[in-house]
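Written below as structure tokens is the structure these notes are about.
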Ligand code: SF4
Ligand code: F3S
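Residue numbers (our numbering): 2 to 104.
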């Protein structure tokens, strides 16, 4: 599962699609954690899509991740500022790739 302490344990290595990325990254095989309030571990995500389908406020956007070993599509939390902390995405992800920190 995603490390809920990623902000302490990882380094912010920049942004993609307006979303913070937490390393290490070594594309295309290693893509890090994307997002902060709503965080998706790209190295765990299998592109299931339940999070995107169930989010009531459309936080997620599909992105292509060609040649990543787990899946060639992932969800970017492009609208994480809209998150209402319902935790649905956390509950439905089959591989526990998402952390939402209500803070
Ligand atoms: Fe969407 Fe709820 Fe997940 Fe926030 S916690 S991203 S509102 S499904
Ligand atoms: Fe990925 Fe889990 Fe969503 S596998 S697409 S984060 S439901």
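Don't be surprised by glycine CBs; every beta carbon is placed ideally from N, CA and C.
Treat the numbers as computed from the prediction; the structure is a model and nothing was measured.
Short Cβ contact (8 Å threshold) for residue i with residue j
{"i": "residue 96", "j": "residue 47", "result": "yes"}
{"i": "residue 37", "j": "residue 21", "result": "yes"}
Through-space distance from residue j to residue i, alpha-carbon basis
{"i": "residue 14", "j": "residue 7", "result": "13 Å"}
{"i": "residue 19", "j": "residue 30", "result": "21 Å"}
{"i": "residue 103", "j": "residue 67", "result": "31 Å"}
{"i": "residue 78", "j": "residue 54", "result": "13 Å"}
{"i": "residue 64", "j": "residue 74", "result": "6 Å"}
Heavy atom of the ligand SF4 within 7 Å of residue i beta-carbon
{"i": "residue 90", "result": "yes"}
{"i": "residue 56", "result": "yes"}
{"i": "residue 101", "result": "yes"}
In DSSP terms, what residue i is bridged to
{"i": "residue 101", "result": "39"}
Reduced DSSP secondary structure (H/G/I, E/B, other) of residue i
{"i": "residue 96", "result": "coil"}
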